[in-house]
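Protein chains in written order, with my numbering: chain A, 560 to 843; chain B, 560 to 843; chain C, 560 to 843; chain D, 560 to 843. Structure first, commentary second.
Number of protein chains: 4
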Amino acid sequence: MNTPLSTDPHDRLGKPAGGWRARLYAIIFESDTAKGRAFDLLLIGAILLSVLVVVLASVQPIALHYSEELEWAEWFFTILFTIEYVARCLCVRRPALYARSFFGVIDLMSILPNYVALFFPAAHVVLGLRILRLLRIFRILKLTLYIQEYSMLGDALLASRRKIFVFLSVVFLIVFLLGSVMYVVEGPENGYTSIPVAVYWAISTMTTVGFGDLVPKTDTGRTIASFMMLLGWGILAVPTGIISSEISHRRSQGATPPRICPHCLSGGHEPDARYCKDCGGALS
Amino acid sequence: MNTPLSTDPHDRLGKPAGGWRARLYAIIFESDTAKGRAFDLLLIGAILLSVLVVVLASVQPIALHYSEELEWAEWFFTILFTIEYVARCLCVRRPALYARSFFGVIDLMSILPNYVALFFPAAHVVLGLRILRLLRIFRILKLTLYIQEYSMLGDALLASRRKIFVFLSVVFLIVFLLGSVMYVVEGPENGYTSIPVAVYWAISTMTTVGFGDLVPKTDTGRTIASFMMLLGWGILAVPTGIISSEISHRRSQGATPPRICPHCLSGGHEPDARYCKDCGGALS
Amino acid sequence: MNTPLSTDPHDRLGKPAGGWRARLYAIIFESDTAKGRAFDLLLIGAILLSVLVVVLASVQPIALHYSEELEWAEWFFTILFTIEYVARCLCVRRPALYARSFFGVIDLMSILPNYVALFFPAAHVVLGLRILRLLRIFRILKLTLYIQEYSMLGDALLASRRKIFVFLSVVFLIVFLLGSVMYVVEGPENGYTSIPVAVYWAISTMTTVGFGDLVPKTDTGRTIASFMMLLGWGILAVPTGIISSEISHRRSQGATPPRICPHCLSGGHEPDARYCKDCGGALS
Amino acid sequence: MNTPLSTDPHDRLGKPAGGWRARLYAIIFESDTAKGRAFDLLLIGAILLSVLVVVLASVQPIALHYSEELEWAEWFFTILFTIEYVARCLCVRRPALYARSFFGVIDLMSILPNYVALFFPAAHVVLGLRILRLLRIFRILKLTLYIQEYSMLGDALLASRRKIFVFLSVVFLIVFLLGSVMYVVEGPENGYTSIPVAVYWAISTMTTVGFGDLVPKTDTGRTIASFMMLLGWGILAVPTGIISSEISHRRSQGATPPRICPHCLSGGHEPDARYCKDCGGALS
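Below, the structure written as structure tokens:
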């Protein structure tokens, strides 16, 4: 049974057994028929265009000049995606499971803000959620080409997650303590109006971002800031070292278990070796 | 004998032999009884809340509006931590040793600033020390889960400390010399009012922080600054390389437990060695 | 047949069989005769001087004071490069192929802007294209000394291109989503006038550039910015890890010449292998 | 013959054969006698104090208040170092060679600026050179403890110098071209007053420094800047990768030639191994 929606091999949402629902399912959820592929391409185009409409509507001169056209386009895509959402709900065997799945929620987020803003004009802030439509592209692309690289990078990050958590907790403690020190040293008169603001400044300094909206003015403050910059610079080396070593380790291991020669029991054979490099015996 | 407080295996502070002091000790310092665990959780909550009070008290609008509530909360936690500090002193066998230990000093720092500020209102600067309360969390968490990652990262930094010291001394010399050059080139009229200020600017430039509160205005100054940015960029690679190589080295060595020769008891044998490299005896 | 222009071993443009065209070709395109070397040195000098003229003409005080001298120099180099371009077209066997080649286009770009600006004064923007003359140096230097390092770095980047593409696509998605969030949170009143502007800010924050022309003013915005800075800092480790691991891999492989099995002619054997991993025959 | 001054093993400056000059030489240039060590410690103290005087004289409030004391201190150290310089010239066998050596020039630079400024008051700019006194510390410390780390890092940089040169030449070309593009796009009205200024901005952007004194104001400029920031971010990975791989390579090789077992001809033995790990035979 084909399972284009789910990432795991077991079909969780379910393709209907037959009839118009099965045909609709094949078009919407699958991409191995001509109609399915055409639907995918059209949907990618619609998503990109609708995101473009959201972006253009945020640019003041364009928004004022083409406000009517942009609103028409916005409602066109909203109704289009609403029809698509209803169709998706109709053609799966278990609509409730689809609606609660990651992409089901994203699909709903693509259309809900417009209806909410229509009935509760005060809540126009939710319109920002429409930008999440962009995430829908990932379902269609399915990233068949680059899936290996994605999972390799993801695995490397996952394997380093404990080291990174430890590292981040130490960084957070340093940033919190040094930020508080700067709040005491510089004080509200130099812009460090509260501890959260000082911590924000400490993060921007130790990550070497350095916006410059807040800067130390006192000599003590500048000395502490100099120390923080050098410290942040040195600390920056740690996550890079963790990830570098993880990726190097992965590529040298090649994700295969170590191979042992059954004749001389030597190890360290390459993944593609057919004969033992030490005794010349055949490797299993 | 259980030693939850000390990081080394030998109990330095000492659990009393019996009576109410031993029961109190089990609750406060140990965490293998139900009461001990409850005490730990309550203390973590109290610490986090008291840090939150300090942070909120630094935010002007909140401090003005809730000044009385915050002061009450602050004194509530101060008295709570005072009782806890007295209880800790009472129930250990050697209170003087506890008071001089790292966490003993941190515990005292959590309460002392409030009493100092009460009797010497002019010394309210010491209130900033209260933020050190956060460090107390580390005792309770004991970081059993992540202790291995902490020590691994710590060891890697420790093993690289000579290289990092050499690197920092070279960086400091470069920063001091180039900062002085910029002081001569740009001068006080462009904001480089003294050599310390110019060195502060040089550090913020070479670490790629670049606040922008001081910027070169003359052509010569901009040329030197461009050179410094490129140099700092290249130099940034060095600590990363040191740490990367150290972590890689550690993980390639640490994949297997250390091997000890059964004949001469020497260690440090390679994972694939069949004979002891020191005495030539067969390794098991 | 000598092929100084093309990077591949096959002569695509073609040296004429004989006569004055062959002699001209030897001077202009080849560098193994005394005249050819002299021409190369003269051309490098002319290119550097003409780039200097363009740079000087952009500096207001110099441009105002020496406007006539600079214009004369500009036309001198334009006519010089025009003669050279015509000569190059004349002496190759297939001028159309030369004109469409990479360096042919660059050569044309060096002279065309001046003629365009002469006849269409409004199009003086194209004068900026003259700076591309600098690229012509690469043809002459031919980088014989450093070609190995160039191709090594290029190969490392090329081999990592899929990982880097995956990485950049994830970064772009994060930057787009977080930029949109900041547009909603901070809004036009704090300078985030549109989604493209907010995305520009998000890129400058996550790459740790931090110009400071746009900065978050609200508490929510500063919290999100702090998160973005830490995230960008951590993410920065990924491309470094990819490139580091690639270069390390290349150098550990490249330390020895590739070993070929004399029996089955398979390659890629490890430096310490004694038997072919593919056929089991002894390696020399 | 002892050679404390020169870094190479051959004594170039020469210790006199005997008499008061040999005794003076032993005190000034050597550090294996009690007097020599005392002289070294006094000189380090004098250098640090004289650098402190230069730094303090650059801080306006201190300079105004203590101008007389600072001038006295400055002349005290100048005369002290003059006496030392004369003594050094007197006690070496070949004073001309000493005067032309690296440390000889630095020694002269420590005192000359004051005399020049005394006779030519207009040339007070040369006073900035006094900060070079700091370099003199390096001679005395001789860095016996950390010399291995210095030379290791130096060797790693030296071995990577061709790769780093190639990298910097590509970076310089990119920075020059993109800076010129920004000069055309943004123009003098947005602060990009000339190509050198635009190149300065491009360097500050691609190295992720981002001062913020110049920022793109047009939409096209911001798009190009976004691209440059991402590019600079990716490029930053390259030097780190080069240095990381070089340091890793050096530590895995351990700077010793590979050891081969004379009995079984196996390789890859650790530097401190006394017996072959494969056959147990003694290693030479």
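Note that CB positions come from ideal geometry on N, CA and C, so glycine has one too. The structure displayed is predicted, hence computed values, not measured ones.
In the three-state scheme derived from DSSP, where H, G and I count as helix and E and B as strand, C:Tyr657 is classed as helix. Sequence-distant Cβ neighbours of A:Ala581 in its own chain, meaning closer than 6 Å and more than five residues away, are Pro575.
Pairing D:Ala658 with D:Ala681, the inter-Cα distance amounts to about 27 Å. Excluding its 5 nearest sequence neighbours in each direction, C:Leu649 has C-beta neighbours in its own chain below 8 Å: Arg580 and Leu583, listed in chain order.
Spatial neighbours of C:Tyr625 in its own chain (CB-CB distance under 8 Å, excluding positions within 5 residues in sequence) are listed in chain order as Leu615. By the Cβ rule, the stretch 683-696 of chain B does not count as touching the stretch 755-763 of chain A, because fewer than three pairs are nearer than 8 Å.
Within chain D, the residues whose beta carbon sits less than 8 Å from that of B:Asp778 are Pro755, listed in sequence order.
Those residues of the stretch 715-726 of chain A placed with their C-beta closer than 9 Å to a C-beta in chain D do not exist. C:Ile801 counts as buried, since no fewer than 16 other beta carbons sit within 10 angstroms of its beta carbon. Judged by their CB atoms, B:Met788 and D:Ser763 are nearer to each other than the 8 Å cut-off. Take D:Gly663, set aside five residues on each side of it, and the residues of its chain with a beta-carbon closer than 6 Å to its own are Tyr657, in chain order. By the beta-carbon neighbour count (other beta carbons within 10 angstroms, threshold 16), A:Val645 is exposed.
Contact check for B:Leu737 against B:Ile783 passes: the beta carbons are separated by less than 8 Å.
The three-state reading of DSSP puts B:Arg652 in coil, since its state is none of H, G, I, E or B. Every alpha helix (DSSP H) of 4 residues or more that sits fully in the stretch 578-644 of chain A is shown, in chain order, as 578-587, 593-617 and 619-624.
Shown here is that no member of the stretch 605-624 of chain A has a Cβ falling below 8 Å from a Cβ of chain D.
Apart from the 5 residues on each side of it in sequence, D:Ala622 sits with its Cβ closer than 8 Å to the Cβ of Leu615, Ala616 and Leu629 in its chain, given in chain order. At least one beta carbon of chain D lies nearer than 8 Å to the beta carbon of B:Met788.
Counting only the Cα atoms, C:Thr752 lies some 7 Å from A:Val618. Secondary structure of B:Val774 (DSSP, three-state): coil.
Pairing A:Phe598 with A:Ile587 gives a Cβ-Cβ distance under 8 Å. In the DSSP assignment, A:Glu745 falls within the alpha helix (DSSP H) that extends over Arg720 to Glu745. In the structure shown, the three-state DSSP call for D:Ser763 is helix. Considering only beta carbons, no part of the stretch 627-660 of chain A lies closer than 8 Å to chain B. Nearest to C:Gly604 by alpha-carbon distance, out of C:Arg692, C:Ala585, C:Leu677 and C:Ser660, is C:Arg692. Distance check between A:Phe735 and each of B:Leu611, B:Gly595, B:Arg809 and B:Ile638 places B:Leu611 closest, using alpha-carbon atoms only. For the C-beta of C:Ser763, the chain D residues within less than 7 Å are, from N- to C-terminus, Gly769 and Met788.
Apart from the 5 residues on each side of it in sequence, C:Lys594 sits with its Cβ closer than 8 Å to the Cβ of Ala585 and Ile586 in its chain, given in chain order. Interface criterion met: the Cβ of A:Gly687 is under 8 Å from a Cβ in chain C. Collapsing the DSSP output to three states places A:Tyr751 in coil.
Listed along the chain, the chain C residues whose CB falls inside 9 Å of the CB of D:Leu736 are Ile690, Leu691, Leu693 and Leu694. No Cβ-Cβ contact shorter than 8 Å links A:Ser728 with A:Glu805. Restricting attention to A:Met711, A:Phe661 and A:Met741, the CA atom closest to the CA of A:Phe697 is found in A:Phe661. Three or more Cβ pairs closer than 8 Å define a contact, and the stretch 764-772 of chain A falls short of that threshold against the stretch 629-641 of chain B.
Cα atoms of A:Ile642 and A:Leu601: separation of roughly 14 Å, rounded to the nearest angstrom.
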